[in-house]
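What follows is a set of notes on a single structure, which appears directly below.
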Amino acid sequence: MIERGNNPMSCLGEISIAGWSLVIVVLWLLMFPYLWLGEQVPIIVSDNLDSNVAWYKMLRDQGMIFSGPMEMVKGMVIETPRMSYPSGLNLELLLYFFFPPFLAYALNKFLIGLIAFACMFVFLSHQKPENSASLTKVLFSLVWVTLVFYPHRGISIAALPLIFVLMDQLRFQKLSALHFGIIFVYAGYSMFALAGFFIWVTFSIWSIFWMWRDRKWHVPHIFLLGFWLFCSLVQEYQLLYALFGNHGFESHRKELTFSWGLWTDWTLWGMLKSGDYSGAFYSVIYPLLASVLVILVAVQKKLDQTSLLLLVSLLGILLCCWGISNLGFLDQMGTVISKLNSINLLRFNHLLPFLLFALLGTLILQMDFRFKNLLLMGLIGLNIFVYQYEWRHWVSRVVPWTERQVPSFQSYFAVTQFEEIKTYLGEEWKHAVIGHLNFPPAVSAYNGLTCLDGYLQNYDLTHKHAVGKAIAQEINKNEFLLDQFYLWGNKCYLQNATYPDDFTAFKWRVHQPIQDLDFDFTTLKNDLKVDYLLSSVLVEVPELVLLHYFQNELSAWDLYLYQIK
Numbered sequence: 001m002i003e004r005g006n007n008p009m010s011c012l013g014e015i016s017i018a019g020w021s022l023v024i025v026v027l028w029l030l031m032f033p034y035l036w037l038g039e040q041v042p043i044i045v046s047d048n049l050d051s052n053v054a055w056y057k058m059l060r061d062q063g064m065i066f067s068g069p070m071e072m073v074k075g076m077v078i079e080t081p082r083m084s085y086p087s088g089l090n091l092e093l094l095l096y097f098f099f100p101p102f103l104a105y106a107l108n109k110f111l112i113g114l115i116a117f118a119c120m121f122v123f124l125s126h127q128k129p130e131n132s133a134s135l136t137k138v139l140f141s142l143v144w145v146t147l148v149f150y151p152h153r154g155i156s157i158a159a160l161p162l163i164f165v166l167m168d169q170l171r172f173q174k175l176s177a178l179h180f181g182i183i184f185v186y187a188g189y190s191m192f193a194l195a196g197f198f199i200w201v202t203f204s205i206w207s208i209f210w211m212w213r214d215r216k217w218h219v220p221h222i223f224l225l226g227f228w229l230f231c232s233l234v235q236e237y238q239l240l241y242a243l244f245g246n247h248g249f250e251s252h253r254k255e256l257t258f259s260w261g262l263w264t265d266w267t268l269w270g271m272l273k274s275g276d277y278s279g280a281f282y283s284v285i286y287p288l289l290a291s292v293l294v295i296l297v298a299v300q301k302k303l304d305q306t307s308l309l310l311l312v313s314l315l316g317i318l319l320c321c322w323g324i325s326n327l328g329f330l331d332q333m334g335t336v337i338s339k340l341n342s343i344n345l346l347r348f349n350h351l352l353p354f355l356l357f358a359l360l361g362t363l364i365l366q367m368d369f370r371f372k373n374l375l376l377m378g379l380i381g382l383n384i385f386v387y388q389y390e391w392r393h394w395v396s397r398v399v400p401w402t403e404r405q406v407p408s409f410q411s412y413f414a415v416t417q418f419e420e421i422k423t424y425l426g427e428e429w430k431h432a433v434i435g436h437l438n439f440p441p442a443v444s445a446y447n448g449l450t451c452l453d454g455y456l457q458n459y460d461l462t463h464k465h466a467v468g469k470a471i472a473q474e475i476n477k478n479e480f481l482l483d484q485f486y487l488w489g490n491k492c493y494l495q496n497a498t499y500p501d502d503f504t505a506f507k508w509r510v511h512q513p514i515q516d517l518d519f520d521f522t523t524l525k526n527d528l529k530v531d532y533l534l535s536s537v538l539v540e541v542p543e544l545v546l547l548h549y550f551q552n553e554l555s556a557w558d559l560y561l562y563q564i565k
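Quick note on numbering: the sequence shown equals residues 1 to 565 in UniProt numbering.
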């Protein structure tokens, strides 16, 4: 183990000027699409622009970032308590408090990358203190930096290499203010409910293992784990109030179950190969390379204790997640504590990217083969130009045979087009309730309109039932839509069977008119008080009157505004 006193970060001072220059170049490349294209940069839509970015803009515009849990936020599902949204004490949301949405989004990506580099370099230096491998450590850390980290987990995954070093060092060292400071920042820049809790449990298990192996109590571990839990719970005060507060609010999550659809029948290889649902997306090359290196190092009997721990943990979590997904254990938390019925135990898979890449980095440092650094440079290029969404789709704009049109930040949120819609509606836009057909409510909410529908992790069960009544006949035509709405329900959308779950009906995609729509329009108009329907697909049903057709060259949408007869 490396001897660096109580400061695990001191190794960063050993990086040469050339090494730091390389870091700057890679971070610059990572952010270059944002710097050059501005708001015209293509940005991933799913679970991003269609949800979190719109939430943060709503909270910012209404001055609700730091509001109390039961103060009402207008926008999605008409209005819902502040506790339905992420905490204002999270660093990502604080960025939206201080900066406009696009700049906050870009800064969040940059900070995750910068922190990811420092954390992986510290981990590799902890494994191999010798300066002889400094360039390899810098390059592999940049491989970690250039993975596609899901932006709304903060540094939950990106900073795990440093947290591992911290806990490993504390087996032999005393706690310091720096240790508490690192955990404080990590807890404040992570999503505890969606990833951090499962990471904390895993580190607790590792601590128990280390105490058993070392045959002594590691009191610093216990104190730091307790401090980590405390900071995380304080940061998640909105969620805690939603779960355990005496507020009379009955969440739609009461009916939520993960035992269907995306979360069932996972395979071991499917979980490992690309990281789709584990918060970091990467090439299939990495698990294949790790597999080869594990075999080579094991044959040479050079597998050290840390590599063995990482490998066993990786295989253990894979097996646990496979069992949870395939054997019907997804909702077991709810059998212990009823309020936790919607805890998704598969989120232990958020450890997989760290375990895979920490293991791979450790093995690469142990191996001595020609062109190792060239291989790492190639992997960095692969990550940036092929797997980074912004680069991949920017290149597709200028290389004809690879073209696949996707929206930019600017065109997705269509601010200028919505100014036209507001002008058409007059002062009524400020209080009108809008429903949406094949068009994400997030766009309307981002632009300040009040939406009947929305994509939320927590909203009133009564509202879900009311919307369900209005769309029941239509979603009964499609089993997936039926299960998605009643067994999951986070997407409280006006779904239709003609284009099921298609909320990317951009103007460059061809859609035939919707001619069959079995909604209960009376319920929509009289009970849910819907004033208008906004659709990105032409709708030809007798219950709706087309009021206006909106086109704008800066928008990804052609929009039809309807009124219920």
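Yeah, the Cβ is synthetic: ideal placement off N, Cα and C, and Gly gets one too.
Residues sharing a beta bridge with residue i, DSSP
| i | result |
| --- | --- |
| Val-148 | Phe-281 |
| His-463 | Note: His-463 sits in no beta bridge, so no partner. |
| Asp-454 | Sequence check: residue 454 is Gly here, not Asp. BP columns for Gly-454 point to Cys-492. |
| Tyr-562 | Leu-533 and Leu-546 |
| Val-433 | Thr-450 |
| Phe-514 | Inspection of the sequence shows that residue 514 is occupied by Ile rather than by Phe. Ile-514 is bridged to Val-539. |
Through-space distance from residue j to residue i, alpha-carbon basis
| i | j | result |
| --- | --- | --- |
| Gly-378 | Trp-206 | 34 Å |
| Thr-504 | Val-467 | 21 Å |
| Ile-285 | Pro-8 | 30 Å |
| Phe-258 | Gly-328 | 9 Å |
| Leu-139 | Leu-12 | 14 Å |
| Leu-546 | Tyr-562 | 5 Å |
| Asn-48 | Glu-71 | 24 Å |
| Val-68 | Arg-397 | A small fix is needed here, since residue 68 is Gly in this sequence, not Val. One C-alpha to the other measures close to 45 Å. |
| Gln-506 | Cys-451 | Note on residue identity: the sequence assigns Phe, not Gln, to residue 506. Taking the straight line from one Cα to the other gives about 20 Å. |
| Asn-90 | Lys-422 | 33 Å |
| Glu-3 | Gly-88 | Reliability of the predicted coordinates at Glu-3 is poor, the pLDDT of 39 falling under 50, and the value obtained from them is presented with this limitation in mind. Rounded to the nearest angstrom, the two C-alpha atoms are 38 Å apart. |
| Leu-229 | Arg-60 | 28 Å |
| Ser-313 | Asn-52 | 31 Å |
| Gln-173 | Met-58 | 46 Å |
| Glu-419 | Pro-542 | 29 Å |
| Ala-18 | Ala-556 | 43 Å |
| Pro-33 | Val-395 | 10 Å |
| Leu-360 | Leu-293 | 8 Å |
| Pro-500 | Gly-454 | 16 Å |
| Trp-322 | Leu-27 | 35 Å |
| Met-1 | Ser-274 | At Met-1 the pLDDT is 36, less than 50, meaning the model places this residue with poor confidence; the figure from the coordinates comes in the next sentence. Approximately 31 Å between the Cα atoms of the pair. |
| Arg-215 | Val-299 | 30 Å |
| Ser-444 | Gln-305 | 53 Å |
| His-511 | Leu-225 | 53 Å |
| Trp-266 | Glu-39 | 37 Å |
| Val-530 | Phe-149 | 38 Å |
| Leu-437 | His-152 | 26 Å |
| Leu-194 | Asp-168 | 25 Å |
| Ile-183 | Lys-464 | 38 Å |
As assigned by DSSP and simplified to three states, the class of residue i
| i | result |
| --- | --- |
| Val-73 | strand |
| Val-539 | strand |
| Glu-428 | helix |
| Leu-30 | helix |
| Thr-504 | coil |
| Gly-154 | strand |
| Leu-175 | coil |
| Gly-196 | helix |
| Trp-557 | coil |
| Ile-15 | coil |
| Glu-3 | Below a pLDDT of 50, predicted positions are generally treated as unreliable, and Glu-3, at 39, falls in that range; the measurement from the model is reported next regardless. Three-state DSSP puts Glu-3 in coil, outside helix and strand. |
Whole-number beta carbon distance between residue j and residue i, since they are thought to touch under 8 Å
| i | j | result |
| --- | --- | --- |
| Leu-346 | Ile-324 | 6 Å |
| residue 566 | Ala-358 | The displayed coordinates of the chain run from 1 to 565. Any statement about residue 566 would go beyond what the structure contains. |
| Leu-351 | Met-271 | Leu-351 to Met-271, Cβ: 11 Å. No contact. |
| Leu-517 | Ser-536 | Actually they do not touch by this definition, with Cβ atoms about 14 Å apart. |
| Ile-564 | Leu-524 | 6 Å |
| Ala-414 | Asn-552 | 7 Å |
| Thr-146 | Gln-388 | 7 Å |
| Leu-166 | His-179 | 6 Å |
| Ile-155 | Ser-190 | 6 Å |
| Gln-457 | Asn-490 | 6 Å |
CB contact check: residue i to chain B, cutoff 8 Å
| i | result |
| --- | --- |
| Ser-21 | Absence of chain B from the displayed structure is noted, only one protein chain being present. |
Runs of 4 residues minimum, wholly inside the segment 339 to 409: which ones carry the alpha helix (DSSP H) assignment? Listed in chain order, the complete alpha helix (DSSP H) runs (minimum 4 residues) inside the segment 339 to 409 are 352 to 366, 372 to 382 and 389 to 398.
Quick one: complete alpha helix (DSSP H) runs, 4+ long, within the segment 202 to 274? Within the segment 202 to 274, the complete alpha helix (DSSP H) runs of at least 4 residues are 219 to 235, 237 to 244 and 268 to 273.
Pick out the complete beta strand (DSSP E) segments inside the segment 43 to 124, 3 residues or longer, and give them in chain order. Runs of the beta strand (DSSP E) inside the segment 43 to 124: 72 to 75 and 78 to 81.
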